Amino acid sequence: MLINQIFEIDSCDDVELNIKRTSKLEYRISYDDEKEMKAIVFIIGGYGANANIYFLDSYRNYIAKNFDVVTINVFYHCFCQRRSDVEKYSAFTIFEFWVLGRIKSA
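Just so we're aligned, residue 301 is where the sequence shown starts under the numbering used here, counting upward by one.
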């Protein structure tokens with residue numbers, strides 16, 4: 301039977317940019333519990349992958365169903381770059397005042 305699970309874990313801070321992470325890192329796994337797993341497949345979506353979460357889920361399920369693998373989607377930091385069909389994963393815009401000044405002078 302195909303098993304789907306969603307996990308959220310604490311993430312690390314971005315020491316390079318000096319950003320404290322408060323959001324959780326989400327990943328989703330799919331596997332068939334009636335098969336012997338032979339590999340782990342990570343699907344890392346590119347820019348705009350959050351636009352259709354259903355597509356990500358169905359693609360992960362297809363691979364897990366048709367191959368003897370555990371398939372994992374990672375919703376990494378900055379994953380939400382575009383509007384999504386699921387509001388939780390939609391991008392939003394916040395401009396800092398200093399950024400607005402740079403945009404106006406460009």
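Heads up, the beta-carbon is just placed ideally off N, CA and C, and yes, glycines get one too.
Here the structure is a predicted model, which means the values were calculated and not measured.
CB contact flag (residue i, residue j, <9 Å)
i: Ser330; j: Ile372; result: yes
i: Glu308; j: Glu326; result: yes
i: Met337; j: Val369; result: yes
i: Arg328; j: Ile363; result: no
Inter-residue Cα distance where the pair is residue i and residue j
i: Ile303; j: Asn352; result: 21 Å
i: Arg360; j: Arg321; result: 27 Å
i: Ile343; j: Leu356; result: 9 Å
i: Leu317; j: Met301; result: 43 Å
i: Gly401; j: Asp332; result: 53 Å
i: Tyr354; j: Ile319; result: 30 Å
Nearest to residue i (by Cα), restricted to the options the options
i: Asp313; options: Gln305, Ile306, Lys324; result: Lys324
i: Ala339; options: Asn366, Gly345, Gln305; result: Asn366
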